[in-house]
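K.L.:
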Amino acid sequence: MTRVQMIGVGKRYPARGSGSAPVVAVDDVSIDVASGEIHAVIGYSGAGKSTLLRLVNGLEQATSGSILVGDDDVTKLSESKLRAVRGRIGMIFQQFNLFHSKKVAKNVEYPLVVAGVPAEERKRRVAEMLDFVGLGDKADSYTDQLSGGQKQRVGIARALATNPGVLLADEATSALDPETSQEVLGLLKRVNEEFGITIILITHEMEVVRSIANRVTVMEKGRAVEQGDVFDVFSDP
Ligand code: ADP
Ligand code: ADP
10 MTRVQMIGVG KRYPARGSGS APVVAVDDVS IDVASGEIHA VIGYSGAGKS TLLRLVNGLE
70 QATSGSILVG DDDVTKLSES KLRAVRGRIG MIFQQFNLFH SKKVAKNVEY PLVVAGVPAE
130 ERKRRVAEML DFVGLGDKAD SYTDQLSGGQ KQRVGIARAL ATNPGVLLAD EATSALDPET
190 SQEVLGLLKR VNEEFGITII LITHEMEVVR SIANRVTVME KGRAVEQGDV FDVFSDP
């Protein structure tokens, strides 16, 4: 239930050494993601997609433009306010980024510990989220005993634990086989429909966009070169 507005966003990385030029990773990109929308950003490697996602959750600082997450402009917040906004943004990753030495339940609980949620409520919430992703019986397993699809389900349960308004997905199905990818995409669709969570996903795969996105932005060399409803952008001429 959160709108995300990127307005004229730019990110320039400084030159690495003398003689090399600065890299313009994101160049004047504007994307208005409506509350409850699934918005895909597609493009080849190096197009600037993951930089753009890192700007949205404030892991990188934009060099120009504004990014509104709900009413908060993440490009202008202090680090402490930014931490609060990040609590309203969940994220999942291509390589899942789970703690292998911790049990599934502990992984899902982690963001709740960080957020200072009391133990009793944490327990309830973890059980609820594991049930939602279909892993109610895996709470006490270690994550390295799970399949790739199950690991990503744990990632999704963890990302949702704090009840965020926005979910950012960074190539969330790229490490999975096609069938497992479809299952995970189906789960993301349910996340969107049942909780009204806005989803911004980046991918290099057209199939992912076609499967679940409402709207799409095509990125090329840092720029948004095309944008619109998936059906319009990818319809055959
Ligand atoms: P994508 O996610 O679409 O593959 P990236 O956002 O990773 O694209 O990269 C966009 C451009 O920015 C690339 O040219 C990449 O080399 C450059 N880049 C990404 N991160 C950094 C960084 N931390 N420092 C310097 N250049 C970077
Ligand atoms: P960051 O990008 O903030 O440095 P990482 O990339 O290391 O974080 O971790 C990625 C994911 O792992 C995030 O969703 C974060 O919430 C989660 N995470 C980070 N540290 C821990 C931890 N000690 N235990 C469980 N999850 C963690």
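With the numbering used here, you'll find the sequence shown wraps up at 246, consecutive numbering, no jumps. Cβ coordinates follow ideal geometry from the N, Cα and C atoms, glycine included.
(1) What I want to know is whether the C-beta of residue 60 ends up closer than 7 Å to one or more non-hydrogen atoms of ligand 1.
(2) By how many angstroms is the C-alpha of residue 140 removed from the C-alpha of residue 194?
(3) Output yes or no for whether 8 Å exceeds the beta carbon distance between residue 48 and residue 222.
(4) Inspect the beta-carbon positions of residue 177 and residue 98 and report whether they are closer than 8 Å.
(5) Using the beta-carbon count (16 or more within 10 Å), is residue 118 buried or exposed?
(6) What does a CB cutoff of less than 8 Å around residue 192 pick up in its chain, not counting 5 residues either side in sequence?
(7) Do residue 55 and ligand 1 come close, with the Cβ less than 7 Å from some heavy atom?
(8) What does residue 33 pair with, by DSSP beta-bridge criteria?
(9) Between the C-alpha atoms of residue 57 and residue 22, what's the straight-line distance to the nearest angstrom?
(10) Let me know the secondary structure DSSP gives residue 7 once reduced to three states.
(11) Could you round the C-beta distance between residue 10 and residue 174 to whole angstroms and report it? I think they count as a contact, below 8 Å.
(12) In whole angstroms, what is the alpha-carbon distance linking residue 217 and residue 210?
(13) Please determine whether the Cβ atom of residue 8 lies at a distance below 7 Å from any heavy atom of ligand 1.
(14) Measure the C-alpha to C-alpha separation of residue 64 and residue 71 and round it to an integer number of angstroms.
(15) Spatial neighbours of residue 201 within its chain, please: CB distance less than 6 Å, with the 5 preceding and 5 following residues excluded, ordered by chain position.
(16) Report buried or exposed for residue 106, applying the criterion of at least 16 other Cβ atoms within 10 angstroms of its Cβ.
P.N.:
Taking the structure as given:
(1) Closer than 7 Å to some heavy atom of ligand 1: that describes the Cβ of residue 60.
(2) 17 Å
(3) yes
(4) yes
(5) Counting Cβ neighbours within 10 Å, residue 118 comes out buried, since at least 16 surround it.
(6) Only residues of its own chain outside the window of five on either side were considered, and among them 158 have a CB closer than 8 Å to the CB of residue 192, listed in chain order.
(7) Checking the Cβ of residue 55 against ligand 1 gives yes.
(8) For residue 33, which the question treats as bridged, DSSP gives the partners 21.
(9) 11 Å
(10) Absent from the model: residue 7. The displayed extent of the chain is 10 to 246, so no value can be given.
(11) 5 Å
(12) 9 Å
(13) Residue 8 lies beyond the range of the chain shown here (10 to 246); nothing can be said about it.
(14) 6 Å
(15) 47 and 208
(16) So residue 106 ends up on the exposed side.
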